[in-house]
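Protein chains in written order, with my numbering: chain A, 245 to 580; chain B, 245 to 580; chain C, 106 to 448; chain D, 106 to 448.
Think of the CB as a built atom: it goes at the ideal place given N, C-alpha and C, for glycine as much as any other residue.
Worksheet for the structure shown next.
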Amino acid sequence: MRKMSFSEAIDDALGQGMAADPRVLLLGEDVQGLHGGLFLRFGRQRVRNTPISEAAFLGAAVAASMAGLRPVAEIMLVDFLAVAVDALLNHASKLETFSGGRWQAPLVVRTACGGGYGDGGQHEQSLWGWLAHIPGLSVVVPSTPADAGGLMLAALELGSPVVFMEHKLISSIWLDFLGSGGRDTVTFDVPPDGEHGRVPDRWQPIPLGQALLRKKGSDVTIVTLGVGVHRALQASAELEKQGLSAGVLDLRSVSPLDKAAVCQEVSRTGRLLVVDEDYEGFGLSGELAAIVLEAGISCKYARVCTQTTIPFARRLEDETLPNVARIGAACRKLAG
Amino acid sequence: MRKMSFSEAIDDALGQGMAADPRVLLLGEDVQGLHGGLFLRFGRQRVRNTPISEAAFLGAAVAASMAGLRPVAEIMLVDFLAVAVDALLNHASKLETFSGGRWQAPLVVRTACGGGYGDGGQHEQSLWGWLAHIPGLSVVVPSTPADAGGLMLAALELGSPVVFMEHKLISSIWLDFLGSGGRDTVTFDVPPDGEHGRVPDRWQPIPLGQALLRKKGSDVTIVTLGVGVHRALQASAELEKQGLSAGVLDLRSVSPLDKAAVCQEVSRTGRLLVVDEDYEGFGLSGELAAIVLEAGISCKYARVCTQTTIPFARRLEDETLPNVARIGAACRKLAG
Amino acid sequence: MAPDAWMLYGLMYKSRVFEEAVRQIWQAGRISGEMHLGLGEEAIAAGIIPQLVEGDALALDHRGTPAMLMRGVAPLALLREFMGSPDGLCAGMGGHMHLFAPEKLAASSGIVGAAGPAAAGFGLAAQMLRPNCVSVAFFGDGATSAGMLLESFNLAVVWKLPVLFVCKDNDWAITTPAETAVGGNLLARARAFGMRAEEVDGRDALAVWQAASEALRHARAGNGPVFLWAHCIHLEGHFLGDGLLDMFRRPVYSLRKRVWPMVKGFFHPQGAAWGERLAAARQIVGQVLSIQNQTSPQGDPLLCLRPALERENARRLADLEASIRDEIQKVVSQAVALEGNMA
Amino acid sequence: MAPDAWMLYGLMYKSRVFEEAVRQIWQAGRISGEMHLGLGEEAIAAGIIPQLVEGDALALDHRGTPAMLMRGVAPLALLREFMGSPDGLCAGMGGHMHLFAPEKLAASSGIVGAAGPAAAGFGLAAQMLRPNCVSVAFFGDGATSAGMLLESFNLAVVWKLPVLFVCKDNDWAITTPAETAVGGNLLARARAFGMRAEEVDGRDALAVWQAASEALRHARAGNGPVFLWAHCIHLEGHFLGDGLLDMFRRPVYSLRKRVWPMVKGFFHPQGAAWGERLAAARQIVGQVLSIQNQTSPQGDPLLCLRPALERENARRLADLEASIRDEIQKVVSQAVALEGNMA
Ligand SMILES: Cc1ncc(C[n+]2csc(CCOP(=O)(O)OP(=O)(O)O)c2C)c(N)n1
Ligand SMILES: Cc1ncc(C[n+]2csc(CCOP(=O)(O)OP(=O)(O)O)c2C)c(N)n1
Ligand SMILES: [Mg+2]
Ligand SMILES: [Mg+2]
């Protein structure tokens, strides 16, 4: 067992994957600088800077994956995917169907997401539910270093397009780059177990679509992912003192979605709280409601999500993103 | 009262809006040909062909709306919005928040959507739930000529960005253009009450966010929109013969969503069936589940949606899109 | 390598006869939705595709049929695909805008401009996995306004990708004339991105071959991408059932369907000043008139090559054409018979 | 109209002093997230913005501060916005990348390339509603690879929009040198779209004024868009806390934080051949060295104008600078005091 930061773990697992398979390459804006360790290890052919042309290089990555490469295309921030999402919506995700099952696009889109460090509403979105709406696309959102590395390896091996999302608040590379800018005069509410932790000596793939019960609970089931997992665990710890037992289920991937695990937990507690940093409407939180209803589980339900464009002001931002206080209050209300 | 086709109604209401307000203009690819009546009436300044540059002209429409115009930007098919959605996700929908409430983007994006005429999975998507996920964006999906015109007028007057979606199967202009191509050797399952109907002599705006109960029912509530309304009505008529009473609620707009109407109907019948031509996961059908659960309504729930990339083959396409048989079966199962 | 005019003509003729058969089958209602044919741009595909080798890739737009056919995809598989059959090239799941032949690294897309990024990606894979291989993008003049295509020009240049970008310029994007939508000059545009670029008469298969031959040599040698600006016409208008062509072909139908709404708009009491309305009307009339160029035999790439072959050996030509017609006729019968079996 | 060098210098100096104050406040942790300053590109804004009139519009990128300031937005409103205060320009909702001044038709965006479509839209509104008005887009060299910006060039040309597209070329996009990301030549690129285009020394406010003055005349007269290619440097690197600049400024910190992971990668047992690794290492070293140009006083637009003014009237210059420093100092004190009141 080694200890590693979340961002190191991703690069480490990616490095293992690149060493094992010469078809894997990393491309994106400034990746040679942002992932300097990989650049100096694998060189300019396999770690490629791109112009600021997301539509072209993401579309190119799709085609390159069809022609034998295993590209990892980095879209700096998922917000910027908006200029290139055609490559995923109309191409990568549809290829298998369109070709009658004869052609695949084994591509990983690596992208940073999430807020909590004061960068404004165009740079802090989550959008995982938005992307998971697209059939044929997998969407991965790890919450710990160990999961991040294992899921990256699984994404590399999957054989169909995956969006791998790296939450900036637990990714020290990104948080340093965009949040603190090397200052020690700012602090953010970084969940330590997300930012740093034990990882295996050698990465093993963690299959997509397997949720992990981070904490058992008998009164409420909190279903969440990414930084939400840590917020939920903290809220759960506080609720415990008040005699309320809230379990925390970490989805780890939005698509495929571990419906069985969700249904199992919710049918046990009869109460489902979704904590989702993505926008509230028409996304993950609704999908989870549909899943339990489809399964015929009768339960109480609430959600703590991002309801509006994320404000720039730090205080307003903290109120807008799912936070421990909102989660606690929602749990108490559900259980009360 | 006049009678009019769905596509005529939209152009007619738009024409009324353009005559009333010189700031309104229509721009998009081939709009001078596709909306020839408006072109010959309002001329080249106010009905503008664009190059195939959706990102530029949609972004331009956003800025033009900020600077005093009232653009209606046509994205031929909503599928193509994928190359330009940045203008909506990161700009139009965020402007009001970003500017501290001081600036608005009163823009209408007009776009054709939906399938059922054999054009393949890159040209027949619905994506209304995908768009409604974005806070700050309204999404309108009319199902009859009268609604189409009234909602278009309301969209023009709203003062914030609206996506106005025109289902191709009930829009004779689009269906002729893309489906039959002037042939009389092909027929499609076009709902007549969607394609043609009575409209007011002078258009009045129909406020966004008001669902319409198309049919009362006591056993099941079918919540739907667009072509789904007609499919549901047909299924309901067939179910009636079997002694099952299914009501049909036409949402008319996805965002704002008429939560009150949904909750009222569902709490009456205790059974909710969502019929949604958009993709099933992480979209409208899930949101409706969340709404009833949040309201504490206990109900049985099912959904008939599009689950995969839409196949080209007509027979497979009909099986993939929500159809009368699937709706009927789902209702019977819910009630049984 | 000098081009074999007979071979080129054979490819073009086969594509033409096949697409004319497709037109009939579409007209009979056995193919659903839109149908964009490559009638009129056969010489561009024929001048380039026979020069491709194994490992080369193709990124096609919504008019992929001629290129797929010339690259060796079976006409029956294509036709069955158009008919939406499980035994079609893509099991009936794609249709004519979404043709995929993985073993030939040939892919199409109905999204205008998407051939650019696709060709760049294929080029990247060639650069890293298949030395001396190239990719070819086919797209129209309209696509040159698409951001992702322009981005791809730049990406291919800075990465020195082995890509041949081929613009099949037919002067129109649906009803929009290129001169109203394409700013400046496309040759200059490609060159300004740092790319080698040539203009060629896209009706002349031999000229295309020559230009492509040099371009491919350049790209295969690792010298970066090349842009080929090939002029052609679309004999069938934008797609089958094209509204502008219908004005001549089905004037009565067009009057009711298309002209009447315009007349109503023109005379509507509220609207622009008369001058504005007249200008709009003149523009429509002008477009309808100029569409005639699109069907003029002068622009037909087959007629551009045929006379020389006929002079050379009329008998051989007749035989060639007859055998191709036979072949396609068989394919059509087979496709229709299979349809019967299915039903 | 001849430019008033004193006025231009005053604008630049004010912007400089203000942004230096912003740097300190950011450094002190009172501003969250990223901070992109316009240090080094003041002459471009100063040469253009004073020539704008009411009804003209501005489409800005992530470095909008100097332009907003010169267009007359109150420095206090800007600073309070950066600090996320309800009394900021946008009520603290936008932050420095999302500055909006509706009454001045000035809007910014943090999405690279978005200034292109925005300027086209503002230009369209001007064309239809405000005769003789123009819009100006400011963007970097990196943005010239963005599809939507390239599309906007074309759209502005075919619609003859009154737009001035201004590329503030500082040779870098974050850590990516322009010569590795921008194919061909930008002047040729703009011209190839059919646009008038000029190159100008963006450190020289008077030269920018001249070039912009002609460009604006052209656009206001309805002759279509103009592209201005203005060269400059970014004195503070990409943003505050720039990693490349840190290599010099905070070598120890950089060694631990940035160099160490690279060293580990370089010596990892599994990876590319040594030649490949060395080439990568050399590239990084080269970039770090060349970043020094970015902080060379030669590139400083203020120093480009200042000596002449000093020769002309040293006393007046000192007074001007002092009064601007005073003004900004007051703004800073006020902003900090307001912060105290809020807490
Ligand atoms: C992104 C996108 N926008 C619009 C369309 C609709 N469309 C299909 S073909 C076409 C015209 C294409 O013109 P061109 O590239 O010149 O090709 P041509 O049809 O003339 O061969 C358009 C606008 C599309 N398919 N994709
Ligand atoms: C679409 C998009 N892609 C990437 C980014 C991240 N990003 C922000 S600034 C920047 C570099 C911009 O370079 P340039 O246009 O030259 O402006 P400069 O910062 O040099 O002034 C990048 C890549 C972004 N904001 N938007
Ligand atoms: Mg064309
Ligand atoms: Mg730059």
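Would the C-beta of residue i count as close to ligand 2, meaning under 7 Å from any of its heavy atoms?
i, result
"D:E159", "no"
"D:N275", "yes"
"D:V217", "yes"
"D:I338", "no"
"D:V271", "no"
"A:E563", "no"
Just grab the DSSP bridge partners of residue i for me.
i, result
"C:N418", "Partner(s): none; C:N418 has no beta bridge."
"A:C549", "A:D520"
"C:F270", "C:A242 and C:F332"
"B:M409", "B:T355"
"B:H440", "B:S249"
"B:L457", "B:L493"
"B:F515", "What sits at residue 515 of chain B in the sequence shown is Arg, not Phe. The partner list for B:R515 (beta bridge, DSSP) reads B:K544."
"B:I466", "B:V492 and B:L517"
"D:F205", "D:A212"
"C:L165", "C:S213"
"C:W277", "C:P282"
"C:E146", "In the DSSP output, where bridge partners are listed per residue, C:E146 has none listed."
To the nearest angstrom, report how far apart residue i and residue j are at their CA atoms.
i, j, result
"B:V464", "B:V548", "14 Å"
"B:L501", "B:G453", "5 Å"
"A:H440", "A:T388", "7 Å"
"A:V383", "A:A390", "17 Å"
"D:R135", "A:R446", "42 Å"
"C:Q388", "C:G380", "12 Å"
Does any heavy atom of ligand 3 sit closer than 7 Å to the C-beta of residue i?
i, result
"C:D246", "yes"
"A:A305", "no"
Please find out if some non-hydrogen atom of ligand 1 comes closer than 7 Å to the beta-carbon of residue i.
i, result
"B:M320", "yes"
"C:R294", "no"
Given the structure, does residue i come close to ligand 4, in the sense that its CB is under 7 Å from one of the ligand's heavy atoms?
i, result
"B:A573", "no"
"D:A278", "yes"
Which residues, in order along the stretch 307-325 of chain D, keep a beta-carbon less than 9 Å from a beta-carbon of chain A?
-> Those would be none; no residue qualifies.
Along the stretch 295-316 of chain B, what residues have a CB closer than 7 Å to any CB found in chain D?
-> From the stretch 295-316 of chain B, only P295, S297, A299, A300, F301, G303, A304, A305, V306, A307, A308, M310, A311, G312 and L313 have a Cβ closer than 7 Å to chain D.
Three or more beta-carbon pairs under 8 Å between the stretch 419-433 of chain B and the stretch 502-520 of chain B, yes or no?
-> Contact fails: fewer than three Cβ-Cβ distances are below 8 Å.
Interfacial residues, the stretch 242-263 of chain C to chain B, with Cβ spacing under 7 Å = Answer set for the stretch 242-263 of chain C: G247, A248, S250, A251, G252 and M253.
Given 8 Å as the limit, is there contact between the stretch 265-276 of chain C and the stretch 318-333 of chain C, that is, 3 or more CB pairs closer than that?
-> Segments in contact, yes.
Indicate whether the contact test is met: 3 or more Cβ pairs, each with one atom in the stretch 216-223 of chain C and one in the stretch 303-323 of chain A, closer than 8 Å.
-> Enough Cβ pairs lie closer than 8 Å, so yes.
Spell out a yes or no on whether the stretch 346-363 of chain D and the stretch 306-320 of chain D are touching, meaning 3 or more CB-CB pairs, one atom from each, closer than 8 Å.
-> By the Cβ rule, the stretch 346-363 of chain D does not count as touching the stretch 306-320 of chain D, because fewer than three pairs are nearer than 8 Å.
Would the stretch 407-415 of chain B and the stretch 351-360 of chain B be scored as touching if the rule is three or more Cβ pairs under 8 Å?
-> Short answer: they touch.
Inter-stretch contact at 8 Å, needing at least 3 Cβ pairs: the stretch 118-125 of chain D / the stretch 141-157 of chain D | With contact defined as three or more Cβ pairs closer than 8 Å, the stretch 118-125 of chain D and the stretch 141-157 of chain D are in contact.
Note down, in chain order, all residues in the stretch 284-295 of chain B with a beta-carbon under 9 Å from any beta-carbon belonging to chain C.
-> Among the residues of the stretch 284-295 of chain B, those with a Cβ less than 9 Å away from any Cβ of chain C are L284, R285, F286, G287, R288, Q289, R290, V291, N293, T294 and P295, in the order of the chain.
Looking at C-beta atoms only, is the number of pairs between the stretch 172-187 of chain C and the stretch 250-263 of chain C that lie closer than 8 Å three or more?
-> Judged by Cβ distances under 8 Å, the stretch 172-187 of chain C makes no contact with the stretch 250-263 of chain C, as fewer than three pairs qualify.
Near-chain C residues of the stretch 422-442 of chain B (beta-carbon distance less than 9 Å), N- to C-terminal order = Against chain C - using a Cβ distance shorter than 9 Å - the residues of the stretch 422-442 of chain B are L422, G423, S424, G425, G426, R427, D428, T429, V430, T431 and F432.
Using Cβ-Cβ distances below 7 Å, what residues of the stretch 258-285 of chain B are close to chain D?
-> Interface annotation for the stretch 258-285 of chain B against chain D: empty, criterion Cβ-Cβ distance under 7 Å.
Touch check for the stretch 227-237 of chain C and the stretch 202-221 of chain D: three-plus C-beta pairs under 8 Å?
-> Cβ pair count under 8 Å is below three, so no.
Listed in chain order, which residues of the stretch 517-541 of chain B have Cβ atoms closer than 8 Å to some Cβ of chain C?
-> Listed by position along the chain: nothing, the set is empty.
Stretch pair the stretch 319-326 of chain A + the stretch 362-381 of chain A: three plus CB contacts closer than 8 Å = With contact defined as three or more Cβ pairs closer than 8 Å, the stretch 319-326 of chain A and the stretch 362-381 of chain A are in contact.
Of all the residues that make up the stretch 266-277 of chain C, which are near chain A by a beta-carbon distance shorter than 8 Å?
-> Listed by position, the residues of the stretch 266-277 of chain C near chain A (Cβ gap below 8 Å) amount to none.
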